[in-house]
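Worksheet for the structure shown next.
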Amino acid sequence: MNALKSSALVKKVKIKLVETNKMQLAELEKFLEKKENQKINEETFLEMAKPINFSFSLEKCSRLLSHHVCESLDSYTQQSQRYVKMGAGAFIVPAEIKKLGEGIEKEYTELNNELLELYNEMTQIKEGFAGRKATEKDYVYGIKIEDGRYALPISIMTNVFITMNFSKIINFYKIMKRAKFAESEELLSKLDEAIGEENIVKKINEFADNDCVDEKKIIEFEKMNFGRISEKENCVLINSFENPLLRSGLGALTSTNAGTPSTILEGWEKEHKKEEKARGVTERVLNYGHESIVEHARTTFGLMMSLTCYHQFERHRLPNNIRERFEEIPAKSEVLIPEAVKREKELLKKFEGIVKKTKKFREKLGEIGEKKAGAYLLLNCDLLKVISSTNTRIDREVMCERLCNNAQWEIRELYEKKLALLKKLAPVIYDKIGPGCTRGPCPEGALMCGKIIEVRKKYGVMQ
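With numbering that gives the first Met the number 0 as the guide, the letters of the sequence shown map in order to residues 0 to 462.
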């Protein structure tokens with residue numbers, strides 16, 4: 000079972016099990032009650048768990064915890080800081096801060112309040128506004144909440160609704176246990192209670208505790224690639240197959256050709272037409288609309304983005320990502336401030352001032368070995384390094400959404416840089432990638448930007 004290390008954790012955090020297959024849970028529990036079944040291994044348990052689905056809501060947790068939850072790659076919906084405005088006092092005081100004494104807790108609370116005050120000042124709505132959704136002109140300073148949120152810390156409260164297959168539960172527990180925050184331990188403790196079946200809970204924790212991942216070695220290895228990413232070089236191609244076209248072409252012919260991939264390749268090489276053949280096959284099959292062949296073209300990129308952007312990024316459930324540990328992000332690192340804030344000189348001065356104070360506080364906590372406590376005062380404008388390995392089919396799907404004019408500006412700019420690098424790598428595969436309106440009618444409907452001709456011209460598509 001998960002014993003909470005500190006009872007000082009904010010009491011507002013709630014777990015509510017909304018719905019589960021109670022009958023199937025009861026059947027699994029009854030099966031595990033038998034003595035001869037109590038020694039089943041993890042793989043057997045996971046197979047038995049596949050028919051069971053469950054949902055739960057995580058309420059009034061921090062954004063720090065919700066990032067870990069969202070990284071479990073299951074189905075979730077989170078309260079959006081792009082649409083929901085944060086009010087005064089909307090942050091948690093975690094156990095990691097409380098244990099350091101009243102002085103530290105007071106300083107932490109004052110910083111959170113100051114950040115929220117700045118956020119609310121920047122995002123003031125003009126008097127008389129009665130619309131449903133404010134536009135830039137409806138804000139006193141022209142700073143929408145999607146830009147104002149860059150000033151918010153990840154101690155801010157949020158709500159997350161999660162649905163998953165029960166076979167994912169052990170991996171979820173492992174992710175939470177690796178996080179090693181009191182808040183993540185509280186989450187698991189409450190999930191234990193919500194599941195409520197003694198033998199099932201015992202098995203889940205037994206398997207999760209037997210996690211063989213060596214976090215220290217992983218961090219040591221990750222730093223080798225993280226060193227290649229910087230504020231100036233925030234989108235770096237780390238590696239790819241030498242010839243992505245060749246792999247896509249072989250993938251296409253494997254489906255329709257009686258010969259094996261190796262004999263097809265030998266034939267191309269004998270004719271000295273390997274590149275030409277691969278290009279022709281790939282182009283032809285992509286024009287048919289069969290995009291599965293480009294799954295064989297894989298790339299690994301190093302990316303640097305704000306925590307605001309990372310929230311957008313992780314929504315795509317990309318399975319092969321590694322990121323810096325939140326507690327390991329240097330306090331002295333740069334931040335990303337939206338242009339809308341930079342235009343307002345007085346607000347910019349306040350923004351830079353509170354960022355400096357917050358970083359100084361995190362630095363002080365780091366010096367006394369309390370980096371995890373300091374992680375709660377990471378700001379949405381702080382920059383995070385990510386290594387992401389994807390196949391081209393996934394890239395095409397993500398870019399269809401993120402290159403859109405309606406996409407959040409930072410992630411759109413990041414994917415524009417990535418696409419430019421990909422086009423140099425394999426033009427045939429990447430030249431026709433663009434937002435949804437380059438492949439048909441604008442998918443945004445009533446929210447369309449009204450610049451469809453411009454956008455199609457930008458991406459080399461005229462319809």
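In this text, a Cβ means the ideal position worked out from N, Cα and C, and glycines have one as well.
- Per DSSP, L413 lies in no beta strand (DSSP E); the unbroken alpha helix (DSSP H) holding it starts and ends at W408 to L424.
- The alpha-carbon separation between L317 and R392 amounts to approximately 12 Å.
- For G258, the secondary structure class from DSSP, reduced to helix, strand or coil, is coil.
- In the structure shown, P329 falls within a coil segment according to DSSP collapsed to helix, strand and coil.
- Linking G279 to L421 through their CA atoms gives a straight-line distance of about 19 Å.
- The beta-bridge partner set that DSSP reports for R401 is empty.
- Taking a C-beta distance under 8 Å as the contact criterion, T437 and R411 do not qualify as a contact pair.
- For a cut-off of 8 Å, the C-beta gap from L382 to Y140 is around 24 Å, too long to register as a contact.
- By the beta-carbon neighbour count (other beta carbons within 10 angstroms, threshold 16), M47 is buried.
- Spatial neighbours of L72 in its own chain (CB-CB distance under 7 Å, excluding positions within 5 residues in sequence) are listed in chain order as R316 and P318.
- Between A94 and K423, the alpha-carbon positions lie close to 49 Å from each other.
- Look at F55 here: in three-state DSSP terms it is strand.
- Using a C-beta cut-off of 8 Å, the stretch 307-314 makes contact with the stretch 398-409, since at least three inter-stretch Cβ pairs fall below that distance.
- Here L244 is not near V385, since their CB atoms are 8 Å or more apart.
- Where R361 is concerned, the enclosing alpha helix (DSSP H) starts and stops at K344 to E366.
- If you look at F160, you'll find it isn't in any alpha helix (DSSP H); it sits in the beta strand (DSSP E) that goes M156 to N164.
- Bridge pairing for R62: absent [DSSP].
- Taking one beta carbon from each stretch, the stretch 153-170 and the stretch 71-86 have 3 or more pairs nearer than 8 Å; the two touch.
- Nearest Cα to I124 within the set K84, L377 and A25: K84.
- At the C-beta level, D210 and R177 come within 8 Å of one another.
- In the DSSP annotation of this structure, I321 is not part of any alpha helix (DSSP H); the continuous beta strand (DSSP E) holding it starts and ends at N320 to R322.
- Distance from the CA atom of I452 to the CA atom of E282, rounded to whole angstroms, is 25 Å.
- Take the alpha-carbon of I353 and the one of F180: they are about 25 Å apart.
- Its Cα nearest to that of A25, the residue G195 stands out among G195, K276 and D430.
- With a cutoff of 8 Å on beta-carbon distance, I96 and E104 are scored as near each other.
- Rounded to the nearest angstrom, the gap between the Cα atoms of G147 and C448 is 22 Å.
- Look at P152 here: in three-state DSSP terms it is strand.
- Annotated as proximal: A374 and F325, with beta-carbon spacing under 8 Å.
- When the five nearest sequence neighbours on each side are left out, the beta carbons in the same chain lying within less than 8 Å of the beta carbon of N36 are those of F30, in order along the chain.
- Counting C-beta pairs closer than 8 Å gives three or more between the stretch 53-62 and the stretch 146-163, which meets the contact rule.
- A contact is defined here as three or more CB-CB pairs under 8 Å, and the stretch 280-299 meets this definition with respect to the stretch 236-243.
- The Cβ atoms of L378 and V334 sit closer than 8 Å to each other.
- Within the same chain, Cβ atoms closer than 6 Å to the Cβ of N158 are found at E58 and Q78, the five residues on either side in sequence being excluded.
- For the pair W267 and S291, the Cα-to-Cα distance works out to about 22 Å.
- The DSSP-derived three-state label of R278 is helix.
- Sixteen is the threshold: since fewer than 16 other Cβ atoms of the shown chains lie within 10 Å of the Cβ of L446, the residue is exposed.
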